[in-house]
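Novice: Before anything else, here's the structure in question.
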Amino acid sequence: MALLDFDSYDYYQTANLGEVYDGVDNNGDFGPTGSCQIVTGFGRCGTNCLKVTPGPSTSGVIRGVAASGNVCILGTGVNNTPTGGTPILFNIMQGIVPIFRLMRGVDGSLVGFSNPDAAFPPTSFTSIGGLLQGNAWHFLAVKLVLAGSLTGSVTIEIDGVVRQTITGITTSNDGGVWTGYQLSGRRGGAGITCYYDDTYCLDGTGPAPWNDLLGDVHVQRLAEVAPGDLTQFTVTGAAANWVAEYDGDTPNKASYVEGSTAGLIDTYTFEDLAVVAGNVIYGVKESALCYKDLAGGRTLEFLKRNGGVNYLTGVPLGIPTGTNNYAYVKTVMATDPKTSAQWANEAAINGSSGNQFGMELIT
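Right under this line is the structure:
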């Protein structure tokens, strides 16, 4: 499925970045927290966001994805300061090598580079000016067709409106294979800071709507508010499973649930997603901060429970090994496990409509 990942930055803190992302390039120029930080209350909707203040070396968070094809669609809320800087907004990666880079020009234009690690990176394109204002939140989404020999293209969407499409450009010197993205990069001027929120990533394959730009979207974190029907994991450090699991945006590893027997299921009731006319739900992501304390195969699988029936996602996930060796495991569900179709509306998610979410220990 073309929906690869999305993030609200609302369920963890700076200390957890290494447990959430596949790579964190923290160059350490800015004290013990490094250059990548979670900032509370400054996001697009008053929630958390990611702040990157790059130094002379590379900085930013890196997400690896299992992409197919040569199309990369990346959308994110972005706010950068100062307005006169030229920050790197993101890099598209091929393993350890950035193969495409997008920067903001001092005039609000967007400038793309293929082979950005070259001594003199070739310019792929320069957009019209005034697209991306500094010192303000805008939602930037870019659809890249990664190709060489002047056969690539880029479509630029700002705040849900397609502003420019440029064709006949070189966007990749190494073909269309890409394996992830990095938010931010090296400093583009003294004092440059970039903030990111509501980030999503697609690869352009599969059916609509997940194979094209999604518009100005919001990623909302929903919190546990009550136990579900099934509470088969053992609870430590809390009175109930949902209390152990709900930590706001600061994970508390002293309270948790655990299980050791295959087939155990734990479910939770979550707060409701506000019903808004015209809302389109592009996906739901379940994640868990977890570890196993002994070697050997252990897998869990996320599920939705409705009407007394469990609907597994079909994606068993391995668990990292080692006491206190925590990492987030996740499943992105573009479609509702109950219907195998796109999420119909808020009622397909909300606890008040009888929905629960949770996990089963598979092995």
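To convert, count from 1 in the sequence shown and add 59; that's this note's numbering.
Backbone N, C-alpha and C fix where the C-beta goes; we use that ideal spot for every residue, glycine too.
What first and last residue would you give for the alpha helix (DSSP H) that runs through E304?
Specialist: Locating residue 304 in the sequence shown gives position 245, counting from the first residue. Its alpha helix (DSSP H) spans residues N300 to E304.
Novice: Can you grab the Cα-Cα spacing for the pair A403 / I340, in whole Å?
Specialist: Along the sequence shown, one-based indexing puts residue 403 at 344. Along the sequence shown, one-based indexing puts residue 340 at 281. In a straight line, the C-alpha of A403 is about 7 Å away from that of I340.
Novice: Let me know if A206 comes out buried or exposed under the rule of 16 or more other beta-carbons within 10 Å of its beta-carbon.
Specialist: Taking the sequence shown and counting its residues from 1, one reaches residue 206 at position 147. It counts as buried.
Novice: What are the partner residues of H197, as DSSP defines its beta bridges?
Specialist: In the sequence shown, residue 197 corresponds to position 138, counting from 1. Answer by DSSP bridge pairing, in chain order: V137.
Novice: Pop quiz: Y327 and W301 are said to be a contact at Cβ under 8 Å. What is the actual Cβ separation, rounded to whole angstroms?
Specialist: For this step, residue 327 is matched to residue 268 along the sequence shown. For this step, residue 301 is matched to residue 242 along the sequence shown. That pair is a contact at about 5 Å.
Novice: Taking C-alpha atoms, which residue in C349, L353 and G367 lies nearest to L359?
Specialist: Working through the sequence shown from its first residue, we reach residue 359 at position 300. Closest option to L359, Cα to Cα, is C349.
Novice: With a threshold of 8 Å, are at least 3 pairs of Cβ atoms found where one atom belongs to the segment 315 to 327 and the other to the segment 255 to 269?
Specialist: No: the two stretches stay apart, fewer than three of their Cβ pairs being nearer than 8 Å.
Novice: Quick check on the burial criterion: 16 or more other C-beta atoms within 10 angstroms. Buried or exposed for G90?
Specialist: Looking up residue 90 in the sequence shown gives position 31. Caution is warranted here: a pLDDT of 47 is assigned to G90, below 50, making its placement in the model unreliable, and no coordinate value can be reported.
Novice: With H, G and I counted as helix, E and B as strand and the rest as coil, what does DSSP make of G78?
Specialist: Taking the sequence shown and counting its residues from 1, the one referred to as residue 78 is at position 19. The residue asked about is misnamed: residue 78 is Glu in this sequence, not Gly. Of the three classes helix, strand and coil, the one that applies to E78 here is helix, per DSSP.
Novice: Alpha carbon to alpha carbon, how far is F184 from V170? Give it in angstroms, no decimals.
Specialist: Position 111 of the sequence shown, counted from the first residue, corresponds to residue 170. Position 125 of the sequence shown, counted from the first residue, corresponds to residue 184. Taking the straight line joining both Cα atoms gives about 6 Å.
Novice: With A111 and C95 assumed to form a contact (beta carbons below 8 Å), what rounded beta-carbon distance in angstroms separates them?
Specialist: Translated into positions along the sequence shown, residue 111 becomes position 52. Translated into positions along the sequence shown, residue 95 becomes position 36. First, the amino acid is wrong: residue 111 is Val here, not Ala. Their Cβ separation, rounded to whole angstroms, is 5 Å, which keeps V111 and C95 in contact under 8 Å.
Novice: Please state whether the Cβ-Cβ distance between G167 and G188 is less than 8 Å.
Specialist: The residue given as residue 167 occupies position 108 in the sequence shown. The residue given as residue 188 occupies position 129 in the sequence shown. Going by C-beta atoms, G167 is nearer than 8 Å to G188.
Novice: Would you please verify whether the beta carbon of D395 is less than 8 Å from any beta carbon of chain C?
Specialist: Chain labels in this structure do not include chain C; a single protein chain is all it has.
Novice: Relative to the alpha-carbon of G144, which residue among G296, S173, R357 and G193 has its alpha-carbon at the smallest distance?
Specialist: Working through the sequence shown from its first residue, we reach residue 144 at position 85. Out of G296, S173, R357 and G193, G193 has the C-alpha closest to the C-alpha of G144.
Novice: With 16 other CB atoms within 10 Å as the buried threshold, where does K202 fall?
Specialist: Taking the first residue of the sequence shown as 1, we reach residue 202 at position 143. That one is buried.
Novice: By Cβ distance below 7 Å, which residues in the same chain neighbour T290 in space, the five residues on each side in sequence not counted?
Specialist: For the purposes of this step, residue 290 is identified with residue 231 of the sequence shown, where counting begins at 1. For T290, where only same-chain residues beyond five positions count, the Cβ hits under 7 Å are N300 and D325.
Novice: Pick helix, strand or coil for G90, following the three-state DSSP scheme.
Specialist: Walking along the sequence shown from the start, residue 90 turns up at place 31. With a pLDDT of 47 at G90, under the threshold of 50, the modelled position of that residue is not reliable, and no figure is offered here.
Novice: Looking at C-alpha atoms only, which residue of G134, S346 and P396 is the closest neighbour of L273?
Specialist: Here residue 273 refers to the residue found at position 214 of the sequence shown. For the residues G134, S346 and P396, the minimum Cα distance to L273 belongs to G134.
Novice: At which residues does the beta strand (DSSP E) containing I158 begin and terminate?
Specialist: For the purposes of this step, residue 158 is taken as residue 99 along the sequence shown, with counting starting at 1. Element bounds for I158: V156 to R163.
Novice: When you compare only the Cα positions, how much space is there between A126 and N414?
Specialist: Numbered from its first residue, the sequence shown carries residue 126 at position 67. Numbered from its first residue, the sequence shown carries residue 414 at position 355. About 30 Å.
Novice: Given a cut-off of 8 Å, decide if Y80 and V137 are closer than it, judged by their beta-carbon atoms.
Specialist: Translated into the one-based positions of the sequence shown, residue 137 becomes position 78. Translated into the one-based positions of the sequence shown, residue 80 becomes position 21. The answer is no: Cβ separation not under 8 Å.
Novice: For the beta strand (DSSP E) that contains P286, what are its first and last residues?
Specialist: Along the sequence shown, read from residue 1 onward, the residue named residue 286 stands at position 227. Note, P286: beta strand (DSSP E), E283 to T290.
Novice: Report the partner residues of A317 according to the DSSP bridge assignment.
Specialist: Position 258 of the sequence shown holds residue 317. This sequence places Glu at residue 317; Ala is not what is there. Partner(s): T293.
Novice: Determine the direct distance from the alpha carbon of G82 to that of I215, and round the result to whole angstroms.
Specialist: Taking the first residue of the sequence shown as position 1, residue 215 is located at position 156. Taking the first residue of the sequence shown as position 1, residue 82 is located at position 23. Those two C-alpha atoms are separated by around 27 Å.
Novice: From S411 to M152, what does the alpha carbon distance come to, in whole angstroms?
Specialist: Position 352 of the sequence shown holds residue 411. Position 93 of the sequence shown holds residue 152. For S411 and M152, the distance between alpha carbons rounds to 41 Å.
Novice: Going by DSSP, name the residue or residues bridged to T224.
Specialist: If you number the sequence shown from 1, residue 224 lands on position 165. The partner list for T224 (beta bridge, DSSP) reads T214.
Novice: Quick check on G377: does DSSP put it in helix, strand or coil?
Specialist: On the sequence shown, position 318 is the one that residue 377 refers to. G377: strand per DSSP, three-state reduction.
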